[in-house]
Ligand code: ADP
């Protein structure tokens, strides 16, 4: 059995007019299924670029990248849409990017299932189970605007897991939260990881949050540095 994530000599160069910005300059790492890895590094280091590649939102300029045996460089069309909807879940720093304000928590969680063609009768029970798993059983009919920042990020976790992805990508998931809410969110990630066997790749600048991961990788100027474990 191969590694769950294989990232070999991955390069991402952006062209702006005639200039080239190299965001990732030959990144190598592997993750097993069930691993939790934190990526730390200064702003502009290439962290978001790496998450976007793994999420199928962008393509490497060069290198090899596969998740669960799926080659992300050759993924196109319906297979790519399917990958983004079902194989991977996203948790962003800005809760507004995770949630639709006009829908209740419950209807935010059922939306990705609808997009993935899950049978209508299966959607609400699974959404309720997820909202219960993130401790929001009593808040599921509320719109995001009526929830606290920490509660919104919990709904966002349920949205990210709606289609039972194996991989969760989190970009500064606690960046907008106070330290108490931040720790409660990472504790919840730990519970969800155990409950659903998730593999987690998380970008953070908070050492207390990064400490929850099995491994910490540092990214600097588009290259991975030492393993801080
Ligand atoms: P981080 O998430 O660590 O802050 P990013 O991946 O956002 O780093 O950015 C890495 C580098 O790539 C930066 O120099 C940034 O300006 C550049 N960059 C990121 N996205 C784009 C883009 N869409 N077009 C051009 N340059 C980009």
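Numbering (my numbering), first residue to last: 3 to 231. Think of the CB as a built atom: it goes at the ideal place given N, C-alpha and C, for glycine as much as any other residue.
Next on the checklist: Strictly under 7 angstroms for the Cβ-Cβ distance: is residue 196 near chain B by that measure?
Outcome noted: Considering every chain present, this structure includes no chain B. It has just one protein chain.
Item to check | Strand pairing of residue 66, partner residues [DSSP] | outcome: 10
Checklist entry - For the alpha helix (DSSP H) that contains residue 169, what are its first and last residues? => result Per DSSP, residue 169 belongs to no alpha helix (DSSP H); it is in the beta strand (DSSP E), 169 to 173.
Checklist entry - Is residue 211 near the ligand ADP, with its Cβ less than 6 angstroms from a heavy atom? => result no
Next on the checklist: If I measure Cβ to Cβ from residue 1 and keep anything under 8 angstroms in the same chain, skipping five residues before and after, which residues do I get?
Outcome noted: Because the chain here runs from 3 to 231, residue 1 falls outside it and cannot be looked at.
Item to check | Residues bridged to residue 23 [DSSP beta-bridge criterion] | outcome: Beta-bridge partners of residue 23 (DSSP): 16.
Checklist entry - Comparing alpha-carbon positions, which option in 116, 158, 107, 115 lies nearest residue 140? => result 107
Item to check | Exposure of residue 119, with buried meaning 16 or more beta-carbon neighbours within 10 Å | outcome: exposed
Item to check | Selected residue, minimal CA-CA separation from residue 173, among 85, 189, 208 | outcome: Checking every option, the nearest Cα to that of residue 173 belongs to 208.
Checklist entry - Taking the beta strand (DSSP E) that residue 40 falls in, what are its first and last residues? => result 38 to 42
Next on the checklist: Less than 6 angstroms separating the Cβ of residue 47 from some heavy atom of the ligand ADP?
Outcome noted: yes
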